[in-house]
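Novice: First residue of the sequence shown? That's 1 in the working numbering, and the numbers climb one at a time after it.
Attaching a single structure in C-alpha cells format; questions to follow.
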Amino acid sequence: MNLKGRFLLFKMFLACTLALFALSTASYATETPNRKAVPIHIKANQLDSYNKENKIIFTGDVIAKKAELTIYADQMTVFYRKAEGKEAGQGEGADQVEKIFANGHVKITKGKRIATGDEAVYYEAEQNVILTGNPKVWEGNSMIKGSKITVFLDEDRSIVESQEENRVEAIVYPEK
Numbered sequence: 001m002n003l004k005g006r007f008l009l010f011k012m013f014l015a016c017t018l019a020l021f022a023l024s025t026a027s028y029a030t031e032t033p034n035r036k037a038v039p040i041h042i043k044a045n046q047l048d049s050y051n052k053e054n055k056i057i058f059t060g061d062v063i064a065k066k067a068e069l070t071i072y073a074d075q076m077t078v079f080y081r082k083a084e085g086k087e088a089g090q091g092e093g094a095d096q097v098e099k100i101f102a103n104g105h106v107k108i109t110k111g112k113r114i115a116t117g118d119e120a121v122y123y124e125a126e127q128n129v130i131l132t133g134n135p136k137v138w139e140g141n142s143m144i145k146g147s148k149i150t151v152f153l154d155e156d157r158s159i160v161e162s163q164e165e166n167r168v169e170a171i172v173y174p175e176k
C-alpha cells in the first residue's frame with residue numbers, strides 16, 4: 001500500500017476510534033432515560049459547605065459517580081441551584097447540580113475509556129465534560145491529546161483542540 005493509501009486508512013481508523021468513544025458516551029443517554037433521577041454519589045476526606053454561595057467543596061481523594069461515569073480528583077467544587085419553593089434538605093430534588101469543577105490529578109472513566117487532565121468541568125444540563133491541563137483520552141492503547149478536550153456525553157462527538165505549542169496528537173493502534 002502506498003503512503004497516500006496508508007494515510008487515508010489512518011484517517012479512517014482515527015475517525016472510527018473517535019466515533020466509538022463518542023458513541024459509547026452517547027449510550028449514557030439511552031441507558032438512563034431520566035438522568036436527573038440518577039443521583040451523583042460523592043466521597044471525600046472533607047466537605048466544606050457554602051450555602052449562601054450554593055457550592056460545596058470536597059477535598060482529599062474525591063470520587064464522584066453517576067451511573068457509569070466516575071470522576072476522581074484531589075478537589076471538587078459542586079455548584080448547585082436550589083429548587084424553587086424548597087429549602088435545602090427537604091427531600092429528593094431540593095437542589096439541582098449545575099456543574100462540578102474538578103482539579104488536581106483528574107481522572108474520568110466511563111466503560112473502557114479513561115480521560116485525564118489537570119482540571120475538568122462537568123456540566124449537568126449540557127451533559128458535557130471539558131478537560132484542560134494536558135488532557136488525554138485513552139481507549140485501550142490508543143490515545144488522543146491536545147490543549148482542551150470536550151466530550152459531549154449525549155452526542156456522538158468529542159472536540160480536541162490545540163494551541164500553537166501544543167498540537168493535537170493521536171496514537172492509534174489497530175484492533176487485533
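For each residue, glycine too, the CB sits at the ideal point set by N, CA and C.
#1: Use the C-beta contact count for residue 139: other C-beta atoms within 10 angstroms, 16 or more gives buried, fewer gives exposed.
#2: Taking the C-alpha atoms as reference points, what is the distance between residue 100 and residue 164?
#3: Between which two residues does the beta strand (DSSP E) containing residue 147 stretch?
#4: Could you have a look at residue 128 and say whether DSSP puts it in helix, strand or coil?
#5: Tell me the DSSP secondary structure of residue 52 in three-state form.
#6: For residue 171 and residue 158, which I take to be in contact (beta-carbon distance under 8 Å), what is that distance rounded to the nearest angstrom?
#7: Apart from the five residues just before and just after residue 97, which ones in its own chain have a Cβ nearer than 7 Å to its Cβ?
#8: Going by other Cβ atoms of all chains shown within 10 Å of its Cβ, with 16 needed for buried, is residue 145 buried or exposed?
Specialist: Based on what the coordinates show:
#1: For the purposes of this step, residue 139 is taken as residue 139 along the sequence shown, with counting starting at 1. Burial call: buried.
#2: The residue given as residue 100 occupies position 100 in the sequence shown. The residue given as residue 164 occupies position 164 in the sequence shown. Approximately 29 Å, taken between the alpha carbons.
#3: Position 147 of the sequence shown, counted from the first residue, corresponds to residue 147. Segment: none, residue 147 is in no beta strand (DSSP E) and carries neither H nor E.
#4: The sequence position of residue 128 within the sequence shown is 128, counting from 1. In the structure shown, residue 128 sits in a strand (DSSP, three-state: E or B).
#5: As a position in the sequence shown, residue 52 is number 52, starting the count at 1. Looking at residue 52 - three-state DSSP - the assignment turns out to be helix.
#6: By 1-based counting over the sequence shown, the position of residue 171 is 171. By 1-based counting over the sequence shown, the position of residue 158 is 158. In fact, because the Cβ distance is near 16 Å, the residues do not count as touching under 8 Å.
#7: Within the sequence shown, numbered from 1, the residue matching residue 97 stands at position 97. Around residue 97: 40, 78, 80 and 124.
#8: On the sequence shown, position 145 is the one that residue 145 refers to. Residue 145 is buried by the Cβ-count criterion.
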